[in-house]
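Notes to accompany the following structure.
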Amino acid sequence: MARRTIIQKLEILADAAKYDASCASSGSKKRNALGTAGIGSTEGMGICHSYAPDGRCISLLKVLLTNFCIFDCRYCINRSSSNVRRERFSVDEVVKLTLDFYKRNYIEGLFLSSGIIQSPNYTMEQLLEVARSLRQDHGFRGYIHLKTIAEADPELIRLAGLHADRLSVNVELPSEQGLTHYAPEKSGQTIRKAMADIRHEIDNVKDASSSRILKRAKAPSFAPGGQSTQMIVGADSSSDADILQSSSKLYAGYGLKRVYYSAYSPVPDASADLPPVRPPLIREHRLYQADWMFRFYGFSTAEITSVAENGMLDLEIDPKLSWALKNRGLFPMDINKASYGELLRIPGLGPASAKRIVQARRHTRLTLTDLGKIVRSLKNIRPFITAANWTPGHLTDSLGLRDRFVSRPRQLDLFS
Amino acid sequence: MITVELQSPTDFDGWRRLSRHLLAEGVKPDEVEWHIEGDAGTLFATPAYQPHPAPPSSSGPRVPKLFIDRARRVVCHTDTSRFIRLYRILWRLQQDGAYLSRITETDVKWLEDCDKAIRRDVHKTHAFVRFRQVNAGAAGRQEFAAWFEPTHRTLELSAPFFQRRFPNMDWIIVTPSMSAAWDGTMLRYAEGGSKSDVTPADAVEDQWRTYFKSIFNPARLKVTAMTSEMPRKYWKNLPEADLIPNLIATASERAKSMQLQPERAPNPLAEVLTRRRIGKATPAPTPQTLPETRKALSACTRCPLYKDASQSVPGEGPTNARLMIVGEQPGDQEDISGRPFVGPAGQLLDRVLVDAGLNRNEAYVTNAVKHFKFQPRGKRRMHQRPNAGEIDTCRWWLDLERRHVQPDLIIALGASAARGVLGHSIKVSDMRGKILPQPGAASVLVTVHPAYLLRLPDPDRARTERQRFAQDLSAARAFLEGTAHRTNA
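Chains as they are written, first to last, in this note's numbering: chain L, 44 to 459; chain Y, 135 to 623.
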């Protein structure tokens with residue numbers, strides 16, 4: 044077989060990488076290339092340079108170094124038992140591709156992952172070499188996200204953090220049983236241990252930079268963009284409650300920046316082991332909303348899952364609305380009196396609008412019209428609040444309230 | 135009516151200077167008309183306003199910095215009323231210093247909305263500018279050019295970003311109203327241009343287009359999610375965008391064909407690998423040494439605690455230690471580092487050991503339960519006491535450690551440790567500080583867990599309790615000094 048061109052390799056190795064949802068380029072420290080011989084910058088906020096028709100942001104060049112893999116994880120397109128075309132980039136090819144794309148302003152940087160070849164350590168060393176070359180040979184100051192091979196030596200993880208902005212280890216499945224069944228070579232313990240090692244290094248750097256003696260020295264750096272992980276939704280039988288409990292433990296344990304939820308998606312040459320029906324994309328969306336409630340709205344996991352029937356979130360309405368409908372005794376809330384924390388519990392209000400309500404009501408008693416200037420839509424909010432000239436009357440307690448929020452006809456969902 | 139002339143559509147400095155004069159002269163907002171030099175209409179208007187040559191009093195109008203920052207951006211907006219509105223807000227700010235926080239006022243809302251639109255425009259410029267290499271293959275600095283059409287007149291706000299990012303390549307961004315060029319030393323703004331000013335092709339675009347096609351997952355079509363962030367107005371200058379219609383049109387067909395694909399025989403390689411893996415796994419015998427114990431412990435699944443913990447935390451210390459210290463279970467930091475007693479309770483223990491004349495490095499330090507048991511609460515993991523079943527199950531490991539270390543004395547810190555060491559529950563307050571001889575085994579001394587001392591809110595109480603804890607540890611030291619080392623006996 045003739046050697047494939049870069050374009051042909053890219054076709055295979057980008058296709059193989061697309062099931063990783065993360066493409067974030069945010070959260071790292073600020074730096075740029077002024078006064079250096081290099082190239083690149085990160086300015087805190089991530090930038091999405093394009094969007095694919097699947098609605099996902101394209102911020103980084105997301106490729107695998109190789110899609111050869113000695114592991115046989117059932118849900119994965121690159122598992123050893125799959126018949127997909129296999130290919131491999133050289134270290135230099137990935138470095139050149141990253142720089143070529145970066146100079147044309149297509150990307151913020153690189154998200155590099157790999158199938159496991161030869162051994163976890165060998166694979167991790169290859170990933171590291173790409174990052175090292177970009178940083179040291181080319182003065183690259185853009186964003187680098189490295190997938191961490193959990194089974195690799197902790198020393199390699201430590202080295203990875205010196206070059207990468209973000210590290211991630213995917214937990215893939217929310218339960219230990221799921222993992223045993225679908226990913227026989229992986230273990231939850233190994234994955235959590237790798238996350239612990241990453242947190243350990245991040246904590247050490249934090250301790251060092253808060254130490255008065257070390258402060259004068261050049262601040263050490265370890266994965267300044269933190270770590271993240273991904274869970275596949277709907278490949279095993281875990282419920283939404285299982286998933287949310289699992290992610291709340293991961294957030295608490297490892298200071299994760301994000302848990303990505305990825306609805307299991309059909310892959311070419313799928314394993315016969317997998318469920319024949321794929322989960323609706325909306326389930327993934329509801330999990331993200333619940334995740335947000337937990338991280339930014341002050342809800343506990345128990346509160347969120349208390350309204351999940353049989354452990355499953357309502358697919359037709361968002362989980363915060365669902366919680367409010369089942370806790371109507373707390374409503375309507377007076378938007379002129381409710382605390383910031385209480386405002387966050389009102390359906391349709393987020394942290395930004397809650398903050399603006401608190402600011403605006405210092406000057407005037409807010410009417411519904413005033414509120415209309417602060418929020419995007421009053422539709423969800425109205426039944427749950429009172430304002431200077433508004434009371435919802437018996438709307439809050441009306442039996443048909445839920446129906447008002449269910450949009451019909453339902454969004455067409457391909458192959459759900 | 136007063137006609138005021140500005141030098142360019144984004145002449146913030148002119149607006150600021152003239153507004154100061156107008157304000158000093160008490161000119162009301164509805165008495166001013168703002169014009170841009172060279173624009174139609176100015177020809178027939180009254181002669182342009184000439185401010186008094188002397189600058190207005192140095193005390194000048196005071197405005198919040200927030201207003202200046204916003205106004206500087208908002209002059210780049212295409213809204214023709216921007217100068218009138220900005221002067222009106224400036225006027226209102228003189229009477230009401232808190233005016234900008236009245237976000238339900240129409241002008242304040244307008245200012246915020248325009249500012250948001252400008253920032254979005256700048257952000258989208260950073261995102262969607264596409265450079266093409268002009269001098270591919272040539273030696274020396276690489277040269278790039280881009281054609282871009284921002285929604286507002288924002289190039290001066292967006293160009294410095296490219297300077298910070300690409301200082302070592304020469305580049306030019308051409309827009310209809312202005313261009314920005316960087317040559318390694320100066321960022322220069324000049325007149326606008328047209329699409330034909332920029333080279334029509336770059337070979338790397340084909341790679342980028344391939345990437346765009348391949349990273350798209352046809353099984354999850356979400357077109358509105360794409361267009362809300364990448365509106366169609368930008369598509370004409372994105373080299374990848376003309377692929378989108380066809381990707382959408384063929385998506386459902388591609389997804390369906392993946393699902394309908396007949397099952398194929400698994401890749402034979404997988405079977406070879408699986409056989410190799412299973413061949414390697416051998417059932418673990420009972421560990422014969424301390425290092426073997428550590429290794430076996432790392433794979434322990436004897437109770438469900440392994441499911442949430444990061445790792446088992448084995449004991450640490452010399453194999454021939456005369457003193458063994460047993461705690462309850464690893465905490466958050468022990469779970470992360472894999473070492474016992476490194477968190478706050480461990481640090482306290484270290485200090486009190488020193489007070490009592492004991493050296494931690496000479497002791498074997500371990501826990502009754504080897505995995506961390508916790509409940510997540512927000513960003514933290516709250517310690518949960520292990521139950522009797524978990525302690526008893528984990529005793530298997532503690533017993534192995536005892537067998538390999540053969541200490542003369544074991545200090546059990548707290549009730550859980552006491553259960554792990556003695557095999558049954560006791561009340562710590564009844565037993566603490568006493569040496570309890572055990573037939574055929576190391577003697578045991580029970581005391582409190584240092585975490586208990588950390589939880590005491592009353593400082594006096596904490597001090598006395600710490601002293602008692604130190605006394606208990608001193609009793610242990612006295613015992614060790616009074617007993618000959620077993621190897622010397």
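Backbone N, C-alpha and C fix where the C-beta goes; we use that ideal spot for every residue, glycine too.
{"Item": "Thr144 (chain Y) versus Ala266 (chain L) - alpha carbon distance", "Value": "41 Å"}
{"Item": "Cβ contact (3+ pairs, closer than 8 Å) linking the stretch 430-442 of chain L and the stretch 277-293 of chain Y", "Value": "no"}
{"Item": "Where the stretch 294-319 of chain Y meets chain L: residues whose CB sits under 7 Å from a CB there", "Value": "Arg298, Arg299, Phe300, Pro301, Asn302, Met303"}
{"Item": "Where Glu171 (chain Y) meets chain L, residues with beta-carbon distance less than 9 Å", "Value": "Chain L residues near Glu171 (chain Y): none, gap ~34 Å exceeds 9 Å."}
{"Item": "Rounded straight-line distance, which links the Cα of Val134 (chain L) to that of Glu172 (chain L)", "Value": "7 Å"}
{"Item": "Nearest-angstrom Cα separation, counted from Cys528 (chain Y) out to Thr427 (chain Y)", "Value": "13 Å"}
{"Item": "Secondary structure of Thr410 (chain L), DSSP reduced to three states", "Value": "coil"}
{"Item": "Chain Y contact residues for Phe144 (chain L), given Cβ-Cβ distances below 9 Å", "Value": "Val338, Gln341, Trp342, Tyr345"}
{"Item": "Where Lys250 (chain Y) falls, given that 16 or more other Cβ within 10 Å makes a residue buried", "Value": "exposed"}
{"Item": "Beta-carbon separation (whole angstroms), Gly548 (chain Y) vs Val499 (chain Y), contact threshold 8 Å", "Value": "With 8 Å as the limit, Gly548 (chain Y) and Val499 (chain Y) do not qualify as a contact, their Cβ atoms being about 14 Å apart."}
{"Item": "Proximity below 7 Å, CB of Val212 (chain L) to CB of Ala193 (chain L)", "Value": "yes"}
{"Item": "Same chain, Cβ closer than 8 Å to Ala315 (chain L), neighbours up to 5 away in sequence not counted", "Value": "none"}
{"Item": "Contact check, Tyr118 (chain L) vs Tyr225 (chain L), beta carbons under 7 Å", "Value": "yes"}
{"Item": "Residues of the stretch 274-294 of chain Y whose Cβ lies closer than 9 Å to any Cβ of chain L, in chain order", "Value": "Gln276, Phe278, Ala280"}
{"Item": "7 Å Cβ cutoff, Arg150 (chain Y) in contact with chain L", "Value": "no"}
{"Item": "Terminal residues of the beta strand (DSSP E) in which Pro510 (chain Y) lies", "Value": "508-511"}
{"Item": "Where Trp225 (chain Y) falls, given that 16 or more other Cβ within 10 Å makes a residue buried", "Value": "buried"}
{"Item": "Lys236 (chain L) at chain Y interface by Cβ criterion, 7 Å", "Value": "yes"}
{"Item": "Proximity of Lys416 (chain L) and Thr238 (chain Y) at Cβ, strictly below 7 Å", "Value": "yes"}
{"Item": "Leu289 (chain Y) and Met312 (chain Y) closer than 7 Å at C-beta", "Value": "yes"}
{"Item": "Chain Y within 7 Å of Gln402 (chain L), Cβ atoms only", "Value": "yes"}
{"Item": "Whether Gly152 (chain L) touches Leu189 (chain L) by CB criterion (7 Å)", "Value": "no"}
{"Item": "Length at least 3, wholly inside the stretch 473-514 of chain Y: the beta strand (DSSP E) runs in chain order", "Value": "497-501, 508-511"}
{"Item": "Beta bridge counterpart(s) of Lys105 (chain L) as assigned by DSSP", "Value": "L:Phe154"}
{"Item": "Thr85 (chain L) beta carbon near the ligand PLP (any heavy atom closer than 6 Å)", "Value": "Among the ligands in the structure shown, none appear at all, so the ligand PLP cannot be discussed."}
{"Item": "Contacts around Glu244 (chain L), its chain only, beta-carbon distance under 7 Å, and the 5 residues preceding and following it disregarded", "Value": "Arg201, Gly204, Phe265"}
{"Item": "Pick from Y:Thr259, Y:Phe262, Y:His257, Y:Phe201 that is closest to Val242 (chain Y), judged by C-alpha positions", "Value": "Y:Phe201"}
{"Item": "Helix, strand or coil at Gln267 (chain Y) [DSSP, three-state]", "Value": "strand"}
{"Item": "Which residues DSSP lists as bridging Ser313 (chain Y), in chain order", "Value": "Y:Val308, Y:Ala324"}
{"Item": "Inter-residue CB distance, Lys507 (chain Y) and Gly231 (chain L) (contact presumed, cutoff 8 Å)", "Value": "That belief does not hold up - the Cβ atoms of Lys507 (chain Y) and Gly231 (chain L) are roughly 16 Å apart, past 8 Å."}
{"Item": "Identity of the residues DSSP links to Asp377 (chain L) by a beta bridge", "Value": "L:Thr429"}
{"Item": "Three-pair Cβ contact test at 8 Å for the stretch 48-68 of chain L versus the stretch 120-140 of chain L", "Value": "yes"}
{"Item": "Simplified DSSP assignment, three categories, for Phe346 (chain Y)", "Value": "helix"}
{"Item": "Chain L residues whose Cβ lies nearer than 7 Å to that of Asn401 (chain Y)", "Value": "Ser123, Ser124, Ser125, Asn126"}
{"Item": "Interface partners of Ile560 (chain Y) on chain L, CB under 8 Å", "Value": "Neighbours of Ile560 (chain Y) on chain L: none; closest Cβ ~32 Å, over 8 Å."}
{"Item": "Nonlocal neighbours in the same chain, by C-beta distance under 7 Å from Pro452 (chain Y), ignoring five residues either side", "Value": "Glu496, Tyr498"}
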